[in-house]
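Asks: After the structure tokens below, expect a handful of questions from me.
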Ligand code: SAJ
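Here is the structure:
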């Protein structure tokens, strides 16, 4: 299938890498973003966030005039909606960006075009956008192809996974599924699994909700083992020797803009049915509060025992190991909670950041040496090179030393 142009609405963590990969296959790509800074940055051949290999790919696609970015759509053959689906305060999904992007492309659509939503969305969103398109353009009724196709790439490995992960493709009808499969086969080597739009929407939410529930089980184990004075890291390692058991790792809570968010798409729409999913969200959020309390209690114990305030090292701010992304980070929440009760003798460490607008950062070896209490919130590789010290109070929430939490 020859495409004159593919239009990507939204050039974020998923939109830009996908647009760049499609452009690298020799297809003309128009990127659209409402953020003028994003538009100008990419048109200069640069990128506005870190992702291995992306800068080179975007630079070459722009230089070879296969990727161009504007702030409004133009006539194309395929339109992809890859805009954010944030949350309102009451954890109600906000699909206003998806709606706005759909309305923006409506005037440009012609018979035979393909319209795809990739944004993580509540079940039924594709049907709602189909009605919106036909309302705006009754002449297109059943003349265009519409599908939902979620992504499942891991930040830090996006370019590889975009190409090699299997994908689930959910058309509003069989013809739409086939048209979408044809499009994705231009750059996806993984298997393309066809289903309907509602199942594809639910699949994305299911994948991430299942992970959140699994992590909640590991976190619950860590609370039980803390009380039972059992080393949870050793326990999980032994239980996972069972051929059909795969317990994930406890942490200081669940962060990122996916696992910590997507389950609310289900609990908001299915509040009576999603009991475990809802409880898992509650437990993973509680784990962060629990960690902050543990640190504060250790500080009080130290002061009673030594008659002076402890120096405390908060090790890690990112939402997961070996990245610099602090979005929805539980470690950041814990650092802020502990800072409320103690400013002066607190050292904040994040080896993947040079500086931070709120936290004054300390180099990790220096902080570890000076600290009386060390709270490992994120298992960054750098921390694993440190030697375990009996003379310090070490709160190993992230399993850096696989030690029991005091
Ligand atoms: N975490 C734990 N224990 C674990 C694993 C993770 O506490 O054993 C925590 C991490 O520290 C982090 C959070 O959970 O705070 C999420 O980590 P993650 O490893 O799930 O990474 P994400 O959120 O970047 O990526 C997930 C992936 N989804 C699944 O693995 C089912 C990815 O494939 C998705 O594309 C991505 O969400 C997304 O964008 O939806």
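In the numbering used here, the protein residues as written are 5 to 410.
For each residue, glycine too, the CB sits at the ideal point set by N, CA and C.
Suppose the cutoff is 8 angstroms on Cβ atoms and the five residues either side in sequence are ignored; what does the same chain contact list for residue 407 look like?
Replies: Within the chain shown, numbered from 1, the residue matching residue 407 stands at position 403. Cβ neighbours of residue 407 beyond the five flanking positions: 235, 237, 392, 398 and 400.
Asks: If you reduce the DSSP assignment to three classes, tell me which class residue 88 lands in.
Replies: As a first step, residue 88 must be located in the chain shown, where it is residue number 84. Three-state result, residue 88: coil.
Asks: Does the beta-carbon of residue 147, which I'm using as the reference point, lie nearer than 6 angstroms to any heavy atom of the ligand SAJ?
Replies: Stepping through the chain shown from its first residue, residue 147 is reached at position 143. No - the ligand SAJ has no heavy atom lying nearer than 6 angstroms to the Cβ of residue 147.
Asks: Which ranges would you report for the beta strand (DSSP E) in the segment 195 to 235 if only whole runs of at least 3 residues count?
Replies: Taking only runs of at least 3 residues, the beta strand (DSSP E) segments lying wholly in the segment 195 to 235 are 196 to 200.
Asks: In terms of residues, what are the limits of the beta strand (DSSP E) holding residue 112?
Replies: Position 108 of the chain shown, counting from 1, holds the residue named residue 112. That residue, residue 112, is in no beta strand (DSSP E); it is neither H nor E in DSSP.
Asks: In the DSSP assignment, find the alpha helix (DSSP H) that holds residue 24 and state where it starts and stops.
Replies: Numbered from 1 along the chain shown, position 20 holds the residue referred to as residue 24. Segment 19 to 28, the alpha helix (DSSP H) holding residue 24.
Asks: For a test of your reading of the model: does the CB of residue 260 fall under 6 angstroms from any non-hydrogen atom of the ligand SAJ? Yes or no.
Replies: Numbered from 1 along the chain shown, position 256 holds the residue referred to as residue 260. For the ligand SAJ, at least one heavy atom lies less than 6 angstroms from the Cβ of residue 260.
Asks: For residue 154, does the three-state DSSP call read helix, strand or coil?
Replies: To locate residue 154, count along the chain shown from 1; it is residue 150. Residue 154: coil per DSSP, three-state reduction.
Asks: Tell me whether the beta-carbon of residue 382 lies closer than 7 angstroms to the beta-carbon of residue 402.
Replies: The residue given as residue 382 occupies position 378 in the chain shown. The residue given as residue 402 occupies position 398 in the chain shown. For residue 382 and residue 402, yes; Cβs fall inside 7 angstroms.
Asks: Would you identify the three-state DSSP class for residue 383, choosing helix, strand or coil?
Replies: The residue given as residue 383 occupies position 379 in the chain shown. DSSP places residue 383 in coil when its eight states are reduced to three.
Asks: Which same chain residues, not among the five before or five after residue 88, have their C-beta less than 6 angstroms away from its C-beta?
Replies: Along the chain shown, one-based indexing puts residue 88 at 84. Taken in chain order, the residues that qualify are 101.
Asks: Please identify the residue among 147, 173, 197 and 142 whose C-alpha is closest to the C-alpha of residue 153.
Replies: The residue labelled residue 153 in the question sits at position 149 within the chain shown. The shortest Cα separation from residue 153 among 147, 173, 197 and 142 belongs to 173.
Asks: Is there contact here, the segment 176 to 194 with the segment 240 to 256, by at least three beta-carbon pairs under 8 angstroms?
Replies: Touching, no, given that fewer than three Cβ pairs across the two stretches are closer than 8 angstroms.
Asks: Name the two residues that bound the continuous alpha helix (DSSP H) containing residue 271.
Replies: Within the chain shown, numbered from 1, the residue matching residue 271 stands at position 267. Run containing residue 271: 267 to 273, per the alpha helix (DSSP H) assignment.
Asks: Report the option in 346, 372 and 342 whose CA atom is closest to the CA atom of residue 353.
Replies: Counting from 1 along the chain shown, the entry for residue 353 is found at position 349. Considering only alpha carbons, the answer is 372.
Asks: Quick check: is any heavy atom of the ligand SAJ less than 6 angstroms from the C-beta of residue 88?
Replies: Looking up residue 88 in the chain shown gives position 84. No, the Cβ of residue 88 stays beyond 6 angstroms of every heavy atom of the ligand SAJ.
Asks: Count the other CB atoms within 10 Å of the CB of residue 74; is the residue buried (16 or more) or exposed (fewer)?
Replies: In the chain shown, counting from the first residue as 1, residue 74 sits at position 70. Classification for residue 74: exposed.
Asks: Say yes only if the C-beta of residue 85 is nearer than 6 angstroms to one or more non-hydrogen atoms of the ligand SAJ, and no if none qualify.
Replies: Mapped onto the chain shown, residue 85 falls at position 81. Checking every heavy atom of the ligand SAJ against the Cβ of residue 85, none is found closer than 6 angstroms.
Asks: Quick one, which of 159, 376 and 293 has its alpha-carbon nearest residue 325's?
Replies: For this step, residue 325 is matched to residue 321 along the chain shown. Out of 159, 376 and 293, 159 has the C-alpha closest to the C-alpha of residue 325.
Asks: Which residues bound the beta strand (DSSP E) around residue 53?
Replies: Walking along the chain shown from the start, residue 53 turns up at place 49. Neither: residue 53 is in no beta strand (DSSP E) and is coded neither H nor E.
Asks: How far does the beta strand (DSSP E) with residue 74 in it reach, from first residue to last?
Replies: Here residue 74 refers to the residue found at position 70 of the chain shown. Residue 74 -> beta strand (DSSP E) spans 71 to 74.
Asks: Which class does residue 299 belong to by DSSP, given the choice of helix, strand or coil?
Replies: Counted from its first residue, the chain shown places residue 299 at position 295. Helix, per DSSP.
Asks: Can you tell me whether residue 104 is buried or exposed, with buried defined as 16 or more other CB within 10 angstroms of its CB?
Replies: As a working note, residue 104 is residue 100 in the chain shown. Label assigned to residue 104: exposed.
Asks: Between which residues of its own chain and residue 280 is the CB-CB distance below 8 angstroms, once the five residues before and five after are set aside?
Replies: Residue mapping note: residue 280 aligns to position 276 of the chain shown, counting from 1. Result list for residue 280: 217, in chain order.
Asks: Roughly how many angstroms separate the alpha carbons of residue 257 and residue 26, rounded to a whole number?
Replies: Position 253 of the chain shown, counting from 1, holds the residue named residue 257. Position 22 of the chain shown, counting from 1, holds the residue named residue 26. Going by the C-alpha atoms only, they are around 36 angstroms apart.
Asks: Going by Cα to Cα distance, which pick from 250, 176 and 11 is closest to residue 150?
Replies: By one-based count along the chain shown, residue 150 stands at place 146. With distances taken between Cα atoms, residue 150 lies closest to 176.
Asks: What number of angstroms, rounded off, separates the C-alpha of residue 28 from the C-alpha of residue 123?
Replies: By 1-based counting over the chain shown, the position of residue 28 is 24. By 1-based counting over the chain shown, the position of residue 123 is 119. Going from the Cα of residue 28 to the Cα of residue 123 covers about 22 angstroms.
Asks: Please confirm if the segment 199 to 210 is in contact with the segment 50 to 59, defined as three or more CB-CB distances below 8 angstroms between the two stretches.
Replies: Contact fails: fewer than three Cβ-Cβ distances are below 8 angstroms.
Asks: Residue 22 to residue 167, Cα distance in whole Å?
Replies: Residue 22 sits at position 18 when you count from the first residue of the chain shown. Residue 167 sits at position 163 when you count from the first residue of the chain shown. Distance between the alpha carbons of residue 22 and residue 167 is about 9 angstroms.
Asks: Classify residue 342 as buried or exposed, calling it buried when 16 or more other Cβ atoms lie within 10 Å of its own Cβ.
Replies: Taking the first residue of the chain shown as 1, we reach residue 342 at position 338. So residue 342 ends up on the buried side.
Asks: Report the partner residues of residue 170 according to the DSSP bridge assignment.
Replies: Translated into the one-based positions of the chain shown, residue 170 becomes position 166. DSSP output for residue 170 lists no bridge partner at all.
Asks: Considering just the uninterrupted stretch of the beta strand (DSSP E) at residue 43, what are its terminal residues?
Replies: Counting from one through the chain shown, the residue named residue 43 turns up at place 39. Run containing residue 43: none in the beta strand (DSSP E); it sits in the alpha helix (DSSP H), 40 to 47.
Asks: Let me know the secondary structure DSSP gives residue 497 once reduced to three states.
Replies: A question about residue 497 goes unanswered here, because the residues of the chain that appear run from 5 up to 410.
Asks: Going by the beta-carbon positions, is the gap between residue 412 and residue 345 smaller than 7 angstroms?
Replies: Any property of residue 412 remains undetermined from this structure, which presents the chain solely from 5 to 410.
Asks: For residue 132 and residue 394, I'd like the C-alpha separation in whole angstroms.
Replies: Taking the chain shown and counting its residues from 1, one reaches residue 132 at position 128. Taking the chain shown and counting its residues from 1, one reaches residue 394 at position 390. Going from the Cα of residue 132 to the Cα of residue 394 covers about 60 angstroms.
Asks: Do residue 137 and residue 110 have their beta-carbon atoms positioned less than 7 angstroms apart in this structure?
Replies: Here the question's residue 110 lines up with position 106 in the chain shown. Here the question's residue 137 lines up with position 133 in the chain shown. Contact: yes.
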